[in-house]
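Taking it in order: structure first as structure tokens, then the write-up.
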Amino acid sequence: MIIRNSSEIGSTPLRRYAVEILEAGIEAVLPSNVIPKALLYYPENQTLSVNGCSYELGKRIFVIGGGKAGGRMAEAIEQILPQSILIDGLVIDKSSDFDTKKIKVFAGGHPIPDGRGEQAVKKMLSLKEKYNINEYDTVICLLSGGGSALIPYPSDGITLADKQTVTAKLLCCGAEIGEINTVRKHLSRVKGGRLGHYFSPAGVITLIISDVIGNDLSAIASGPTYPDATTFADALFVLEKYDLIDKLLSNVITLLRNGAEGKIPETPKQLDNCYNHIIADSNLTLEVMRRKALESGFNPLIITSGQRGETTAVAVNRAFEILNGKYGEYDALIIGGETTPVLPEKCGIGGRNQHYVASSMSILENLPGKWLVAAMGT
């Protein structure tokens, strides 16, 4: 079972159905399932097909990247690429407990970046000098949700503690993930396309398991191998929007202002050596969940894959829609997206999913019959 306490929480028939539907969605996007379907290696001419696009691989292959699926992605790709040309690699995950041979998996912090992640990024970047990675080599980058926090390397003059403070304050004031990433990119040496640029002139093929609404390549893991359309001025605007300019250390604000004035190079706006491919996303998860619900005898409906908004407001509004019969004959409603809880300065322990379910309860308690609300994060 994928959900470790499934037998404990699946204590009623309705709960068991919910667990089975959720597990089907998770299983559909496991790296061990999606990577073999998306990647085909042809040894006779040393080419790699990714989602139907063919790439002639270099003489040597190196693997980098990070995210909450980083370790599993590393395990899966080692099953496809021959050990003879896979020279070395380093990816960062929340855990380091994975069965890999050539690719090292380091643990980092999430959702708040920590020193372990920073040290791992330094080791990752050192691969270029160690092996003299050049235009005759290929770098494969593995990205998944959580990569923004797990791949930290602050800009000159910025400490990891500074970035931790910025991230924590943005999270607590209800900033959306895209806004947080805009700021992160401009306080980083690897985000916003800088990682891909660093490994040039080698070709960089990025494989992505996306948990970002709309699959915005610049937002997934803060787009380390994708051109960045945001600017230092945009990052300053986010901080101004949430009234954080006077609440952050002066070195952070000074760096962003220097960038906005052109004193610091912008993030790359073009990357000719980078090729990005989404190999799984929330749409796949939702569709598999819909099919599982149908097989289980329900009449399912995918309402949206792009739910946004403040968690309490979204949960309450959706609960009222259900209570008022908006969805008619449908009896299994499936929703994807990412809500944003607004937290008080002194907040408890939990997460947006618990927050969503708890916010729904006061409205749905008036709903007749048997019902259940289940929420999971990726």
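Okay, so the sequence shown: first residue is 103 according to my numbering, each after it adds one.
Glycine residues also receive a C-beta, built at the ideal position from the N, C-alpha and C atoms.
Practice task
Report the option in TYR377, ILE128, SER250, ASP374 whose CA atom is closest to the CA atom of ILE105.
Solution key: As a working note, residue 105 is residue 3 in the sequence shown. Here the closest residue by C-alpha is ILE128.
Exercise for the section: Please state if the CB of PRO443 and the CB of LEU373 are separated by a distance shorter than 7 Å. Expected result: Taking the sequence shown and counting its residues from 1, one reaches residue 373 at position 271. Taking the sequence shown and counting its residues from 1, one reaches residue 443 at position 341. For LEU373 and PRO443, no; Cβs fall outside 7 Å.
Problem - Spatial neighbours of PRO213 in its chain, beta-carbon cut-off 8 Å, leaving aside the 5 residues before and after - result: By one-based count along the sequence shown, residue 213 stands at place 111. Around PRO213: GLY248, ALA251, THR269, LEU273.
Handout entry: Continuous alpha helix (DSSP H) assignments of at least 4 residues falling wholly in the stretch 350-406
Key = 352-362, 384-397
Problem - Cβ-based neighbour list, CYS376, same chain, cut-off 6 Å, excluding 5 preceding and 5 following - result: Here residue 376 refers to the residue found at position 274 of the sequence shown. Contacts found: GLY298, VAL306, THR327.
Exercise for the section: Pull up the DSSP beta-bridge partners for PHE334, would you. Expected result: For the purposes of this step, residue 334 is taken as the residue at position 232 of the sequence shown. BP columns for PHE334 are empty, so no partner.
Problem - Sequence-distant residues of the same chain with beta carbon closer than 7 Å to SER474, five excluded per side - result: For the purposes of this step, residue 474 is identified with residue 372 of the sequence shown, where counting begins at 1. Note that residue 474 is Leu in the sequence shown here, rather than Ser. Counting only Cβ-Cβ distances below 7 Å, and skipping sequence neighbours, we find LEU116, ARG117, ALA120.
Handout entry: THR240 versus LYS225, PRO215, LEU188, LEU192, residue with shortest Cα-Cα distance
Key = As a working note, residue 240 is residue 138 in the sequence shown. Checked all of LYS225, PRO215, LEU188, LEU192; the closest Cα to THR240 is LEU188.
Handout entry: CA nearest to the CA of ILE355, picked from ASP264, ILE424, ARG291
Key = In the sequence shown, residue 355 corresponds to position 253, counting from 1. It is ASP264 whose Cα lies nearest to the Cα of ILE355.
Problem - Nearest to LYS293 (by Cα), restricted to the options ASN283, SER384, SER302 - result: Sequence index remark: in the sequence shown, residue 293 carries index 191 (1-based). Comparing Cα positions, the closest option is ASN283.
Problem - Exposure of MET478, with buried meaning 16 or more beta-carbon neighbours within 10 Å - result: Within the sequence shown, the letter at position 376 stands for residue 478. It counts as exposed.
Handout entry: Proximity to ALA304 [Cα-Cα], best of TYR233, ILE310, ASN317
Key = Locating residue 304 in the sequence shown gives position 202, counting from the first residue. Residue TYR233 is the option with its Cα nearest to ALA304.
Exercise for the section: Please state if the CB of ASN317 and the CB of ILE88 are separated by a distance shorter than 7 Å. Expected result: The chain is shown from 103 up to 480; residue 88 falls before or after that span and cannot be answered.
Practice task
Spatial neighbours of ILE366 within its chain, please: CB distance less than 6 Å, with the 5 preceding and 5 following residues excluded, ordered by chain position.
Solution key: In the sequence shown, residue 366 corresponds to position 264, counting from 1. Closer than 6 Å at Cβ, skipping near neighbours: ASN360.
Exercise for the section: Going by DSSP, name the residue or residues bridged to SER151. Expected result: As a position in the sequence shown, residue 151 is number 49, starting the count at 1. LEU142, SER156, per the DSSP bridge assignment.
Handout entry: Cα-Cα separation, SER407 to ALA382
Key = As a first step, residue 407 is located in the sequence shown; it is residue number 305 there, counting from the start. As a first step, residue 382 is located in the sequence shown; it is residue number 280 there, counting from the start. Distance between the alpha carbons of SER407 and ALA382: 14 Å.
Practice task
Following the continuous beta strand (DSSP E) through ALA209, name the residue where it begins and the one where it ends.
Solution key: The sequence position of residue 209 within the sequence shown is 107, counting from 1. ALA209 -> beta strand (DSSP E) spans 205-209.
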